Amino acid sequence: MSRGIVISGLGALCPRAAGRKALWDLFPRDGSEPLLPRGAIPPALERIPEPVLELLPAPPRHMDRLGRLLLAATTLALEDSRLGSAAGDPLRTGIAMGSGYGCLPTNEEYLEGILERGSRYGNPVVFQNTVTNAATGSISVVHDLRGPNATLCSGWAAGLEALDFGCQQLEEGLAARMVVGSADTPSKRLVEGMSLQGWLSPHGTALPFAEDSDGTRVSEAACTLVLEEVSQARARGAHLYAEVAGTGRRGGPLEEQARTLARAVSDAVHAARIEPEQLGAVFSGANGRRDFDGCEGRALREALGPWASRVPVTCPKSVLGETFSAAGPLAVLLGALALDTGWVPGTPRGTIPASASPFNLVAGASRRLEPEWVLITALGDEGSALAVVLRRSAP
Amino acid sequence: MSAHRVVITGVGVAAANALSAEELARALVERRSGIRQTDAFGLDSRTRSAGEVDLPGSSPEGVDRVSRLALHAAEQALRDCGLDLDGSWRANTGVMLGTSRGPALSLERFMRSGSEEVRRELFAELPFSSIARNVAARFGLGGVQSTVTMACVSSSLAMGRALDEIRRGRASVMLAGGADALTSLSFSGFSVLRAMSPTLCRPFDHRRNGMVLGEGAGIIVLEELQHALQRGARILAELCGWGTAGDAYHATSPHPEGRGLQQAMTAALRQSGLAPEQIDFVNLHGTGTPANDPAECHALRGVFGARTEALPVNSLKPYFGHTLGASGALELIGSVLGMERDFIPPTLNCEELDPKCNVDVVRGEGRSRRIDVLMSTKSAFGGANVALVARRLPEARRETR
């Protein structure tokens with residue numbers, strides 16, 4: 001990055017955690033392991049309980065669930081950045097949000113109404129949310145964000161694409177601060193479609209790189225990050241979680257996803273001006289689907305060479321489930337906290353037979369590794385691949 | 001930062017009044033609209049007028065109609081740009097497309113179908129990103145793939161982002177634009193919002209009473225200038241800057257003073273390195289809704305000041321309807337085709353200018369005039385705004401299309 005860009009605010013919302021601290025606590029470092037959400041969780045889809053949403057600031061009445069999730073995560077991130085509910089100079093503060101499936105669930109809801117009752121009985125309140133950028137628009141109203149404005153829907157990698165877009169706006173001086181993030185709220189029909197594809201674990205687990213992996217587990221989530229130019233963040237005394245040192249974004253045919261991701265990783269490492277051996281940890285997007293994880297594994301080996309089998313690798317989806325476009329920003333959030341605290345989140349030991357894995361997986365409790373650089377990967381479902389390298393922020 | 005210059009070397013369209021760039025240029029000169037009565041949806045909406053596209057029968061089956069529209073436009077754009085369709089350039093050529101409604105027809109089919117097999121097949125079409133994926137796969141394009149879903153500014157933002165990809169040296173060639181199909185979802189929704197005209201789309205006219213929906217696709221080939229010059233490409237125009245900004249005002253209404261649009265236009269001028277007085281013509285969004293048109297005119301005054309009254313503007317929506325996410329691309333293409341012919345297409349159906357829209361709306365027969373630099377602006381639900389600037393490239397080889 002030609003300008004130093006730092007992450008100064010973190011906001012996250014998952015079924016079992018609201019806020020950065022609660023999310024971090026899902027990955028304990030006191031010798032106990034992250035809880036494997038097996039058995040008690042419905043196998044198809046884990047949703048954020050309504051009471052969790054009700055604890056957060058009341059959203060405008062017209063917002064749909066996707067918008068409410070994104071607004072909640074954004075509010076948490078802005079509060080965490082110590083900007084309060086206002087984001088500073090509104091004209092210089094922009095927003096870029098991603099979503100893999102966007103407003104499809106709301107479109108289903110609207111269509112259900114008109115298929116049942118006739119087109120003139122469509123619900124206008126629902127209709128205004130049948131564009132994916134309704135969420136971005138409403139959040140910009142609530143937090144007065146009048147800078148660059150973008151909503152991206154490039155599959156599962158859309159969250160990291162939003163981050164990449166935010167960095168670009170900051171690099172070019174088009175904004176002083178960017179709120180970036182992503183959310184997905186899968187509908188019943190989407191989950192049904194995934195089940196028909198054979199993507200879901202019948203046991204409701206996600207076991208990345210495991211011998212007995214049998215699919216993934218789907219979860220709702222939202223995650224938002226506040227990006228700032230480093231001197232501005234320092235000037236206002238913000239806490240700097242990490243620096244965005246490099247990004248890589250590639251696309252290609254579905255049958256060449258591993259190569260596409262490898263190129264994205266190489267680009268990100270190159271942009272950060274480091275060698276692969278300097279990476280202290282990898283936050284992998286592996287999710288427990290054998291085909292998906294196979295691409296991830298081949299990509300890491302191609303891009304990182306021999307270092308791929310030695311660098312500590314953690315798989316947040318083993319705990320959080322497949323959160324689609326939110327998975328990338330969630331991994332960035334965890335990566336930033338890893339750099340900030342020196343602890344790399346672990347994954348449930350029972351899920352990963354280390355002997356069978358070609359990677360140095362961080363199994364069990366979080367590990368004190370004090371990385372200076374971490375890599376985050378995200379593989380889309382349509383041919384996109386993104387990678388981000390974060391660096392520990394200088395005090 | 002590297003700042004490569006970027007040119008448009010190919011265009012493709014699918015619209016109610018044109019299935020090629022040549023047809024579109026001719027339709028604009030001849031003031032021919034493609035709006036007609038449709039029974040496609042058999043809906044009890046406020047209007048049956050729409051801009052429906054008669055796609056050629058050779059369009060591939062098995063993909064959503066929105067992808068079929070995009071594939072038609074992409075194929076034309078690629079042929080138009082003169083690049084060898086088997087060339088190695090494809091490996092690093094990206095696709096950035098915008099859509100508002102996306103594959104809503106497939107979603108509807110998915111919901112109606114009782115067959116697991118049908119639903120399994122349709123599943124791949126459901127994500128919005130399926131459009132870019134289908135285009136990239138059809139033409140073997142291996143660069144970045146991106147999908148923008150920002151209602152009516154979708155394809156404008158996609159083109160702006162594609163421009164940035166080349167400016168920053170990330171690609172030499174990009175396919176950019178957008179597509180949207182007519183769907184019962186949008187027909188019903190805009191009708192219940194009472195945003196649809198029961199008669200005609202009349203942008204800036206004091207009798208305007210809403211939009212007329214359309215469908216279509218507009219796709220351009222963007223190319224790094226030296227790359228284009230070295231191969232002797234025909235250059236339609238230089239795309240020299242863009243900007244985006246939010247209104248932060250209302251979920252569905254524009255800010256009455258066009259707050260975000262002003263900022264987007266200013267950002268586009270800044271990236272272009274141009275001053276407001278260098279803009280010769282502005283293609284506005286011009287939906288024909290009571291709220292949109294005056295807000296845009298207010299925004300114009302905020303940027304162009306006293307010069308506003310001497311600045312020709314138009315809206316192309318009466319030609320093919322409001323094509324939602326495709327409108328930015330289709331209307332930029334129409335404007336650039338006009339620039340190439342020293343012609344500003346008139347705004348159809350605008351007969352008595354609304355005093356609230358007291359700007360130089362090109363009407364009647366259109367206007368013969370040399371345009372060196374044009375701006376195209378679009379605004380959307382959620383308060384999203386995008387402006388693009390394109391200019392004639394004197395040093396480029398130009399041929400009459």
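Top line first, the protein sequences correspond to chains P and W. Residues 1 to 395 (UniProt numbering) make up the first sequence, in order. Residues 1 to 401 (UniProt numbering) make up the second sequence, in order. All C-beta atoms, glycine included, are put in the ideal place defined by N, C-alpha and C. All values reported here derive from a predicted model rather than from experimental measurement.
Interface criterion met: the Cβ of W/Arg120 is under 8 Å from a Cβ in chain P. DSSP, reduced to helix, strand and coil, places P/Gln128 outside both helices and strands of the structure shown, so it counts as coil. At a beta-carbon threshold of 8 Å, none of the residues of chain W lie near P/His270; the nearest stands roughly 12 Å away.
Shortest Cα-Cα distance from P/Asp214 to any of P/Gly204, P/Gly285 and P/Ala222 involves P/Gly204.
DSSP places W/Ala299 in the helix class (H, G or I) of the three-state scheme. Counting along the chain, the unbroken alpha helix (DSSP H) around P/Gly113 starts and ends at Leu104 to Arg117. According to DSSP, W/Lys378 shares a beta bridge with W/Val386. When C-alpha distances from P/His143 are compared across P/Ala176, P/Pro59, P/Leu375 and P/Thr314, the shortest belongs to P/Pro59. Taken in chain order, the members of the segment 143 to 169 of chain W whose beta-carbon sits within less than 8 Å of a beta-carbon on chain P are Gly143, Val144, Gln145, Ser146, Thr147, Val148, Thr149, Met150, Ala151, Leu157, Arg161, Asp164 and Arg168.
Annotation: P/Leu227 has no Cβ neighbours in chain W at a cutoff of 8 Å; minimum Cβ distance is about 16 Å. Proximity to W/Cys152 across W/Val221, W/Gly169, W/Ser106 and W/Gly102 peaks at W/Gly102, based on C-alpha coordinates. Looking at the DSSP output, P/Glu243 bridges to P/Val6 and P/Arg391. P/Glu382 belongs to the set of residues whose beta carbon lies under 8 Å from a beta carbon in chain W. Here W/Pro312 is bridged, per DSSP, to W/Asp360.
In the structure shown, W/Cys81 adopts helical secondary structure according to DSSP, grouped into three states. The Cβ neighbour count for W/Gly243, taken over all protein chains shown within 10 Å, is at least 16; the residue is labelled buried. When 8 Å is used as the limit between beta carbons, P/Ser366 is near no residue of chain W, the shortest such separation being about 34 Å. DSSP places P/Thr224 in the uninterrupted beta strand (DSSP E) bounded by Ala221 to Glu229. The beta carbon of P/Phe359 does not come within 8 Å of any beta carbon belonging to chain W, so the residue lies off that interface. Within the segment 138 to 215 of chain W, complete alpha helix (DSSP H) segments of at least 4 residues are found at 154 to 167 and 184 to 192, given in chain order. Taking a C-beta distance under 8 Å as the contact criterion, W/Ser186 and W/Ala329 do not qualify as a contact pair. Counting only the Cα atoms, W/Thr99 lies some 22 Å from W/Glu296.
In the three-state scheme derived from DSSP, where H, G and I count as helix and E and B as strand, P/Val362 is classed as coil.
Its chain contains Leu163, Ile166, Arg167, Leu222, Glu223, Glu224, Leu225, Glu238, Leu239 and Cys240 as the residues whose beta carbon lies nearer than 8 Å to that of W/Val6, once the 5 sequence neighbours on both sides are disregarded; these appear in chain order.
For P/Ser325, no Cβ of chain W is located within less than 8 Å of the residue's own Cβ.
Closest option to W/Leu324, judged by alpha-carbon separation, among W/Thr287, W/Leu353, W/Glu340 and W/Ser188: W/Thr287. A direct Cα-Cα distance of roughly 36 Å separates P/Ala18 from P/Pro253.
Residues of the segment 244 to 256 of chain W that bring their beta carbon within less than 8 Å of a beta carbon in chain P comprise Thr244, Ala245, Gly246, Asp247, Ala248, Tyr249, His250, Ala251 and Thr252, in sequence order.
Listed in chain order, the positions of the segment 259 to 272 of chain W with a beta carbon within less than 9 Å of a beta carbon of chain P are Arg259, Gly260, Gln263, Ala264, Ala267, Arg270 and Gln271. Between W/Asp293 and W/Leu374, the C-beta gap is not smaller than 8 Å, which leaves the two residues out of contact. At a cut-off of 8 Å between beta carbons, W/Gly383 contacts chain P.
Chain P has a Cβ within less than 8 Å of the Cβ of W/Ser129.
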